[in-house]
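Okay, structure first, notes after.
Protein chains in written order, with the UniProt record's numbering: chain V, 1 to 322; chain R, 1 to 214.
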């Protein structure tokens, strides 16, 4: 008689059919508009930076895993994404050596020392950028104007919209910010391109909608509040939404599956906290842009958020008050 | 202080002292910073240049050797209940000597090290050696133990100082060795660079030790 084997396992019993490489591959696809926009606005230089960062990230991951005698997990595409995201938050004029150094730090210190994909506390690409920011503070804040490659070999330096706002109290037209055509990091140039990719990921349900909603919503509400208090001193809320790396951060970094909360309530907490930090840093901090630090700081408290927002198990009852 | 530390650190008393093996113990197998993880506060704080690391190491070693000698001499006179207080008074005496010496003869270094010279009083390496070794062993052996541990501390601090100074400013002991092509990594002479280099150093050494053990 045929023997029946019943496999008994604990929850979860319903599994998604999406594999890690498939999700990562989709994220790369979603990043294509932003990459294309960066190449349109900043020329071949942007493409070279992207290639450098991706190649350095992939190579670092390979070398690190070989040295540690761990299975090489290049095929999951995660190192490629880290490379692309890092390049998108770098200024276009950065030297290739610096970009490669940032990539090495991102993968080695941001990810592999914690045990690789799934174990890292901080978003690797942002770790790389934070390292570069502290290492080469001048280079990391030297921006070139978009389309300056067409004008000739000498790059025209330009301030970012947020820098202009902080230093000279001057705001840039929102439509210009939305389409692109402003100074900034590769991926900061065009909010529209990032939105297209982010929308695609939302449609595929690969990112949690609550995080960007809470993040952008908080920035918008607080931005409106300050604008209503003193419109001459504080920029309007749409400026906040479209300037700097907020769109890129909200859709591609705050939603990182590894470093952001897993619970629905946690996503709200994460987004609201990060939005609060962005506004505080942008309006009262010493640096023009706060997206990087807001996400890194919220990454640090993610385990805590997860712990305190654990959903109730079905059937679990509130403890009776005594 | 756990008893195991004392066991590891005390070679059986009848054996002839093997000075070379002792040095290997202080520099590598029981390196105060990388293997015992003691004295991390000065390690992080003053290794932004090679000269600062070296000076801190030398000052600590002086205090360590002197107080180990005195503690070992009076080890049978001190009641067990007040031993820590006694050690602290002895250590504080030598720290004052070291502090005044640095301030009088090397004012720039004394200024660069700041409060970390007086803080040698609470350095765990020193108190640890008194508790684990000097208070249980004769003076000569205690001096040798203090010397090898001090050398381990000096070597570690100087190495970290050299690495951070090269990467952070392109210099060693204030002498420029990397040309103008090198763009200094500012982060390495900032506190974040201390944590990064110490952490990476620890990781590499743990990796090597893990490999030695097989």
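Each residue gets a CB set at the ideal place from its N, CA and C atoms; glycine is no exception.
Computed from a prediction, not measured in an experiment: that's the story for all the values here.
Taking C-beta atoms under 8 angstroms as the contact rule, residue 144 of chain V and residue 198 of chain V fail to qualify, at a distance of about 25 angstroms. Relative to the Cα of residue 163 of chain V, the nearest Cα in the group V:188, V:255, V:67, V:257 belongs to V:188. Taking a C-beta distance under 7 angstroms as the contact criterion, residue 157 of chain R and residue 57 of chain R qualify as a contact pair. The continuous alpha helix (DSSP H) containing residue 99 of chain V extends over residues 96–108.
By the Cβ criterion, the segment 111–130 of chain R is in contact with the segment 32–43 of chain R, since at least three pairs of Cβ atoms, one from each stretch, lie closer than 8 angstroms.
Residue range 83–105 is occupied by the alpha helix (DSSP H) that includes residue 88 of chain R.
Annotation: residue 179 of chain R has no Cβ neighbours in chain V at a cutoff of 9 angstroms; minimum Cβ distance is about 14 angstroms.
Contacts with chain V (Cβ-Cβ distance below 9 angstroms) from the UniProt domain "IRF tryptophan pentad repeat" (179–214) of chain R involve 183, 184, 185, 186, 187, 188, 190, 192, 193, 196, 199, 200, 203, 207, listed in chain order. Chain order gives the chain R residues near residue 135 of chain V as 185, 186, 187, where near means a beta carbon separation below 7 angstroms. Taking 8 angstroms as the upper bound for CB-CB distance, residue 125 of chain V and residue 253 of chain V are in contact here, some 7 angstroms apart. Residue burial annotation: residue 17 of chain V is exposed, with fewer than 16 other C-beta atoms found within 10 angstroms of its C-beta. Using a CB distance below 8 angstroms, the part of the segment 107–121 of chain V facing chain R consists of 109, 113, ordered along the chain.
Within the same chain, Cβ atoms closer than 7 angstroms to the Cβ of residue 178 of chain V are found at 191, 192, 242, the five residues on either side in sequence being excluded. For residue 131 of chain V, the enclosing alpha helix (DSSP H) begins and ends at 124–135.
By the Cβ test, the segment 67–75 of chain V is not in contact with the segment 224–244 of chain V, since fewer than three Cβ pairs between them sit closer than 8 angstroms. Spanning the alpha carbons of residue 279 of chain V and residue 219 of chain V requires a straight line of approximately 6 angstroms. Classified as exposed, residue 232 of chain V has fewer than 16 neighbouring CB atoms from the shown chains inside 10 Å of its CB. One finds 187 in chain R with Cβ atoms closer than 7 angstroms to the Cβ of residue 131 of chain V, taken in chain order. At a cut-off of 4 residues, the continuous stretches assigned as alpha helix (DSSP H) that sit fully inside the segment 13–98 of chain V are 20–42, 44–67, 78–88. As the crow flies, the alpha-carbon of residue 207 of chain V is around 10 angstroms from that of residue 200 of chain V. Between residue 271 of chain V and residue 214 of chain V, the C-beta spacing is below 7 angstroms. Between residue 88 of chain V and the set V:183, V:135, V:283, V:273, the nearest pair of CA atoms involves V:183. If the five residues before and after residue 246 of chain V are omitted, its C-beta is found closer than 6 angstroms to the C-beta atoms of 291, all from its own chain and listed in chain order. In this structure residue 122 of chain V is in contact with residue 299 of chain V, their Cβ atoms being roughly 5 angstroms apart against a cut-off of 8 angstroms. Between residue 66 of chain R and residue 134 of chain R, the C-beta gap is not smaller than 7 angstroms, which leaves the two residues out of contact. Per the DSSP secondary-structure output, residue 176 of chain R pairs in a beta bridge with R:171. In its chain, beyond the 5 residues on either side, 143, 183, 184 have a beta carbon closer than 6 angstroms to the beta carbon of residue 160 of chain V. Burial is judged here by how many other beta carbons sit within 10 angstroms of a residue's own beta carbon; residue 141 of chain R has at least 16 and is buried. With distances taken between CA atoms, residue 312 of chain V lies nearest to V:265 out of V:45, V:265, V:97, V:118. Contact between the segment 161–170 of chain R and the segment 87–98 of chain R is absent: fewer than 3 CB-CB pairs across the two stretches fall below 8 angstroms.
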